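Asker: The structure is given below, and queries will be raised subsequently.
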Amino acid sequence: MKESPGEFEQIVMLAILRLGQDAYGASIRAEIETCTGRDPTPGALYTTLDRLERKAMLSSRLADPTAERGGRAKRFFKVTKTGSEALTEAQRSYQRLLEGLNLLGGSHA
Amino acid sequence: MRKASVVEWMLARVMTRANAASVIGDLEEARGKKGEMWFWRSLFSIWLSCGWRPTGGYLVAAAGGGAFLGYFESAFFSSMALHDWTAAQRAWGSSISLLSGLTAIVAGYCLIRFGVRDVVSRLALGYTVVGAVASTFWWRNEVVFAAVSIAAAIAIVSLLTRSGRRGFGVVAAVTALQILIWPILLTLSVTAGKHLPHSATAFVALLSFSYLAGAGFVCASCGWLHSQLIKGQEAPAKDASFA
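So the sequences go chain by chain: H and L. Going letter by letter, the first sequence gives residues 1 to 109 in our numbering. Going letter by letter, the second sequence gives residues 1 to 243 in our numbering.
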């Protein structure tokens with residue numbers, strides 16, 4: 001059975017997809033904050049990134065070290081095929097649940 | 001070559017050195033804007049989130065594993081007065097209760113560190129449960145025979161798959177390591193205790209320190225072996241987002 005990503009895991013993967021090739025820790029946090037209005041705690045974010053990588057839903061690579069980060073490299077993330085499929089399935093489930101409800105319009109018809 | 005900072009060193013205790021450097025780099029980027037308080041709070045939050053499992057695993061292994069080991073052994077020896085036993089039963093019972101305690105230490109650490117779905121956690125837990133039943137009813141030959149058969153069956157089934165073989169390898173290696181190090185530590189503690197002033201408290205403190213250090217070594221070895229044998233088994237990831 002395929003593992004379904006949790007809510008925060010989906011948020012992180014969506015942020016990574018939105019950022020494209022510029023998805024690293026700081027930019028992912030900023031993107032989540034901009035889109036959701038919530039500032040995720042760094043602890044939660046980095047453990048989620050590690051967990052998603054262990055589940056093979058994300059892959060990462062270290063870039064070359066840069067001077068503005070004190071010679072520290074950025075770790076760039078990308079969503080894998082497994083992650084993309086799991087995310088799509090999770091979003092489809094949400095869509096099916098939303099069918100017949102007019103939540104965005106404000107009524108619960 | 002860039003010199004690692006103290007904060008990087010701290011973080012490298014709970015993640016790889018390369019990841020620790022990139023995380024500190026991320027925090028440094030926002031440090032000027034968000035302030036010192038935010039930097040240290042974030043660092044603590046990351047350390048806690050990433051580090052509670054190894055630390056918690058060690059505590060559970062040291063406390064729970066030690067308690068199990070003590071319980072199995074004392075239950076076995078104290079019940080010997082109530083039942084007739086043969087030399088073979090004594091040898092088997094003692095060995096099984098000892099091995100159950102040692103696998104309990106592995107199970108305690110792995111259940112917290114890697115979760116219940118982990119192959120090493122499941123194998124170690126399985127052997128602990130089977131060993132506990134056999135230790136409790138050691139005088140009933142059929143129970144011991146059934147327990148040994150189940151233990152053998154678990155080993156055979158685990159050897160059929162790659163992950164099972166690796167998981168079994170970790171449990172077997174860490175248990176074998178414990179069989180080797182605990183007598184050495186005990187001998188060293190007793191030898192060192194002879195040089196202490198005649199104080200029971202000092203000797204108990206020395207034994208406790210040896211036990212905690214030994215448990216730490218066992219947990220670190222288990223974590224290292226696990227990272228070497230189990231982690232690299234995940235399915236190779238295929239890129240989708242930058243295709």
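Quick reminder that beta carbons are idealized off the backbone N, C-alpha and C, glycines included. Since the structure is predicted, the reported quantities are computational estimates derived from the model, not experimental observations.
Run through DSSP, which three-state label would L/L196 get?
Answerer: What you label residue 196 of chain L is simply residue 196 of the second sequence in a count that begins at 1. Residue state, collapsed to three classes: coil.
Asker: Quick check on L/K34: does DSSP put it in helix, strand or coil?
Answerer: Position 34 of the second sequence, counted from the start, is the residue given in the question as residue 34 of chain L. Reduced to three states, the DSSP call for L/K34 is helix.
Asker: Would you grab the beta carbon distance between L/R41 and L/I112 for me? Rounded to a whole angstrom, and I think it's under 8 Å.
Answerer: For the purposes of this step, residue 41 of chain L is taken as residue 41 along the second sequence, with counting starting at 1. For the purposes of this step, residue 112 of chain L is taken as residue 112 along the second sequence, with counting starting at 1. Actually they do not touch by this definition, with Cβ atoms about 25 Å apart.
Asker: Can you name the start and end residues of the alpha helix (DSSP H) that H/L104 belongs to?
Answerer: On the first sequence, residue 104 of chain H is found 104 positions in, with the first residue counted as 1. That residue, H/L104, is in no alpha helix (DSSP H); it is neither H nor E in DSSP.
Asker: Leaving out five residues before and five after L/A134 in sequence, what residues of the same chain have Cβ atoms less than 7 Å from its Cβ?
Answerer: Within the second sequence, residue 134 of chain L is the residue found at index 134, counting from 1. Once the five neighbours on either side are set aside, the close Cβ partners of L/A134 are I96, V143, V144 and A147.
Asker: Using a Cβ cut-off of 8 Å (strictly closer), state whether L/A18 contacts chain H.
Answerer: Position 18 of the second sequence, counting from 1, holds the residue named residue 18 of chain L. Cβ-Cβ to chain H under 8 Å: yes for L/A18.
Asker: Does the Cβ-Cβ distance between L/T128 and L/A151 come in under 8 Å?
Answerer: Here residue 128 of chain L refers to the residue found at position 128 when the second sequence is read from its first residue. Here residue 151 of chain L refers to the residue found at position 151 when the second sequence is read from its first residue. It is not a contact, given that the beta carbons lie outside the stated cut-off.
Asker: Of all the options H/M57, H/R92, H/Y94 and H/R18, which has the alpha carbon lying nearest to the alpha carbon of H/T82?
Answerer: Stepping through the first sequence from its first residue, residue 82 of chain H is reached at position 82. Taking only the C-alpha atoms, the option nearest H/T82 is H/M57.
Asker: Determine, using beta-carbon pairs with one atom in the region 87-106 of chain H and one in the region 56-67 of chain L, whether at least three such pairs fall under 8 Å.
Answerer: Too few Cβ pairs lie closer than 8 Å, so no.
Asker: Starting from the Cα of L/E73, find the closest Cα among L/R90, L/W85 and L/D84 and give me that residue.
Answerer: By one-based count along the second sequence, residue 73 of chain L stands at place 73. Closest option to L/E73, Cα to Cα, is L/R90.
Asker: Are the beta-carbon atoms of L/F68 and L/G101 separated by less than 8 Å?
Answerer: Translated into the one-based positions of the second sequence, residue 68 of chain L becomes position 68. Translated into the one-based positions of the second sequence, residue 101 of chain L becomes position 101. Result yes, Cβ atoms of L/F68 and L/G101 sit closer than 8 Å.
Asker: Quick one: which unbroken beta strand (DSSP E) runs of 3-plus residues sit fully inside the region 38-109 of chain H? Chain order, please.
Answerer: Qualifying beta strand (DSSP E) stretches, in chain order: 58-62 and 75-79.
Asker: Within the present structure, is the beta-carbon of L/V133 separated from the nearest heavy atom of the ligand FMN by less than 7 Å?
Answerer: With respect to the ligand FMN, the structure shown offers nothing to examine, as it has no ligands at all.
Asker: Let me check one thing: in DSSP terms, what residues is H/Y24 bridge-paired to?
Answerer: As a working note, residue 24 of chain H is residue 24 in the first sequence. Beta-bridge pairing links H/Y24 to H/F76.
Asker: Beta-carbon separation of L/L185 and L/I154 under 8 Å?
Answerer: Against the second sequence, residue 185 of chain L aligns to sequence position 185. Against the second sequence, residue 154 of chain L aligns to sequence position 154. Cβ atoms of L/L185 and L/I154: not closer than 8 Å.
Asker: Indicate the three-state DSSP secondary structure (helix, strand or coil) for L/F168 in the structure shown.
Answerer: Translated into the one-based positions of the second sequence, residue 168 of chain L becomes position 168. In this structure, L/F168 counts as helix in the three-state DSSP scheme.
Asker: Is it true that the CB of H/Y46 sits closer than 8 Å to the CB of H/G71?
Answerer: Sequence index remark: in the first sequence, residue 71 of chain H carries index 71 (1-based). Sequence index remark: in the first sequence, residue 46 of chain H carries index 46 (1-based). It is not a contact, given that the beta carbons lie outside the stated cut-off.
Asker: For a test of the three-state rule: what should DSSP assign to L/S241, helix, strand or coil?
Answerer: Along the second sequence, read from residue 1 onward, the residue named residue 241 of chain L stands at position 241. At L/S241, the pLDDT of 34 sits below 50, so the modelled position is not reliable; the number obtained from the coordinates is stated separately. In this structure, L/S241 counts as coil in the three-state DSSP scheme.
Asker: Where does L/F137 sit, in a helix, a strand or coil, going by DSSP?
Answerer: For this step, residue 137 of chain L is matched to residue 137 along the second sequence. Coil, per DSSP.
Asker: At which residues does the alpha helix (DSSP H) containing H/M13 begin and terminate?
Answerer: Translated into the one-based positions of the first sequence, residue 13 of chain H becomes position 13. Note, H/M13: alpha helix (DSSP H), E7 to L19.
Asker: Quick one: list the residues of chain H neighbouring L/A172, beta-carbon separation under 8 Å, in chain order.
Answerer: Counted from its first residue, the second sequence places residue 172 of chain L at position 172. Going along chain H, no residue has its Cβ under 8 Å from L/A172, so there is no contact; the nearest lies around 24 Å.
Asker: How would you list, in chain order, the residues of chain L whose beta-carbon sits under 7 Å from the beta-carbon of H/R69?
Answerer: Indexing the first sequence from 1 puts residue 69 of chain H at position 69. The answer, in chain order, is G25, E28 and E29.
Asker: Under the three-state reduction of DSSP, which class applies to L/M15: helix, strand or coil?
Answerer: Residue mapping note: residue 15 of chain L aligns to position 15 of the second sequence, counting from 1. Of the three classes helix, strand and coil, the one that applies to L/M15 here is coil, per DSSP.
Asker: Could you please tell me which residues of the region 39-56 of chain H, in chain order, have their CB closer than 7 Å to any CB of chain L?
Answerer: Result list: T41, P42, G43, A44, Y46, T47, R54 and A56.
Asker: Please confirm if the region 5-12 of chain H is in contact with the region 81-99 of chain H, defined as three or more CB-CB distances below 8 Å between the two stretches.
Answerer: These segments touch.
Asker: What's the C-alpha gap between H/E68 and H/R75?
Answerer: One-based indexing of the first sequence puts residue 68 of chain H at position 68. One-based indexing of the first sequence puts residue 75 of chain H at position 75. Rounded to the nearest angstrom, the two C-alpha atoms are 15 Å apart.
Asker: Considering only the alpha carbon of each residue, which of L/A215, L/S158 and L/S149 lies closest to L/V174?
Answerer: As a working mapping, residue 174 of chain L is identified with position 174 in the second sequence. When only C-alpha atoms are compared, the closest one is L/A215.
Asker: Can you pull the chain H residues whose beta carbon is under 9 Å from the beta carbon of L/L48, in chain order?
Answerer: Position 48 of the second sequence, counted from the start, is the residue given in the question as residue 48 of chain L. Neighbours of L/L48 on chain H, chain order: G43.
Asker: So is H/R72 in contact with chain L if we call contact Cβ pairs under 8 Å?
Answerer: Walking along the first sequence from the start, residue 72 of chain H turns up at place 72. True, the Cβ-Cβ gap to chain L drops below 8 Å.
Asker: Does H/G25 have its Cβ less than 8 Å from a Cβ in chain C?
Answerer: Going by chain labels, chain C is absent from the structure shown, which instead holds the protein chains H and L.
Asker: Rounding to the nearest angstrom, what Cα-Cα distance links L/S5 and L/M37 in this structure?
Answerer: The residue you call residue 5 of chain L lines up with position 5 of the second sequence. The residue you call residue 37 of chain L lines up with position 37 of the second sequence. Straight-line Cα distance between these residues: approximately 18 Å.
Asker: Considering only C-alpha positions, which residue in the set H/A73, H/E9, H/L19 and H/A23 is nearest to H/L52?
Answerer: Here residue 52 of chain H corresponds to residue number 52 of the first sequence, with the count starting at 1. Looking at the Cα atoms, H/E9 is the closest of the given residues.
Asker: How should L/W9 be labelled, buried or exposed, when 16 other C-beta atoms within 10 angstroms of its C-beta is the threshold for buried?
Answerer: By one-based count along the second sequence, residue 9 of chain L stands at place 9. With fewer than 16 Cβ atoms within 10 Å of its Cβ, L/W9 is classed as exposed.
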